[in-house]
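With positions in the sequence shown counted from 1, the corresponding number in this note's numbering is that position plus 144.
Below is one structure, written out as structure tokens; the observations come after it.
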Amino acid sequence: MIVVAVATILTLTATLTIVKAESELYFTSSPSSYVGQGKTFDFKSPQFTFTSWTQPGLLGVFSVQVGTSVWWEDKWDLKFGTGQAGEDFQLGRYEAATHWDVFSTNPVVQLSGGSSINYRSLGWFEVNQFERNDEGVVTDAEFTFFQRAYDTLGATEKWEAGELKYHPFFQVPETSSLLGVLGLITLVGFTTVYKSKKEKHEK
């Protein structure tokens, strides 16, 4: 009976569940901005869907699409790149970031959406957190960013700035694990009492 109890405890404590963490895309923009048009947006999961684009083995590229289940409502795309093939993101600031261009060796930051895209931009982004698992899939990422149009200067400059927090999932023990721990405590207590009674009987 004790052996069966131990096996049950091991099974319970090994059980894990996947719990979705909160992701968020927040940004604001200047009144003349091509993309944000002077508005401020704050998208959070699970109200909005966050889908990352990253190809395992292709380092230095990370893109997140944010939106609802209806394709024409609040669809936004945010791309980052190191600009160097095979060089993954490091913590810190990347200057002189431009729009997405496969021929460029500059870092990349490009926010598009709301049926608008800025094809000529310059800005920067900062990597505050970035992690991949063994398969190369991004599991946690946090960026702050700024981009502005090439063709304007001064107070009416066209710009967008914000931050991305991408935390798709994490693992936590299920309640059954707690039951397993309680079962282990009960088993230890049972074993102690059993030994005590056995020793007393033998005497």
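Every residue gets a Cβ at the ideal spot worked out from N, C-alpha and C, and that includes glycine.
Asked: Member of 264, 302, 307, 310 whose CA lies at the smallest distance from the CA of residue 177; Found: 302
Asked: Of the listed residues 312, 310, 305, 232, nearest to residue 256 (C-alpha basis); Found: 305
Asked: Euclidean distance between Cα positions of residue 358 and residue 242; Found: Residue numbering for the chain in the displayed model covers 145 to 347; residue 358 lies beyond these limits and cannot be assessed.
Asked: Between the CA atoms of residue 254 and residue 270 - distance to the nearest angstrom; Found: 13 Å
Asked: Residue 263, DSSP secondary structure in three states; Found: coil
Asked: Straight-line Cα distance separating residue 173 from residue 281; Found: 30 Å
Asked: Close beta carbons around residue 275, own chain, < 8 Å, minus the five adjacent residues each side; Found: 282, 283, 284, 285
Asked: Separation of residue 227 from residue 251, as counted between CA atoms; Found: 4 Å
Asked: Counted within 10 angstroms of its Cβ, other Cβ atoms place residue 236 as buried (16 or more) or exposed; Found: exposed
Asked: Given residue 175 as reference, the closest of 292, 183, 313 once Cα atoms are compared; Found: 183
Asked: Supposed contact pair residue 264 and residue 238 - C-beta distance, whole angstroms, cut 8 Å; Found: About 18 Å; that fails the 8 Å criterion.
Asked: C-beta atoms of residue 117 and residue 208 nearer than 8 Å; Found: Because residue 117 is not part of the residues shown, which for the chain are 145 to 347, the question remains open.
Asked: Distance, residue 224 Cα to residue 233 Cα; Found: 9 Å
Asked: Local conformation of residue 186 per DSSP, three classes; Found: strand
Asked: Test item: CB-CB of residue 210 and residue 197 under 8 Å; Found: no
Asked: Inter-residue spacing [alpha-carbon to alpha-carbon] between residue 169 and residue 292; Found: 18 Å
Asked: Reduced DSSP category for residue 212 - H, G, I as helix; E, B as strand; rest coil; Found: coil
Asked: Residue 277 burial status per 10 Å Cβ neighbour count (16 or more: buried); Found: exposed
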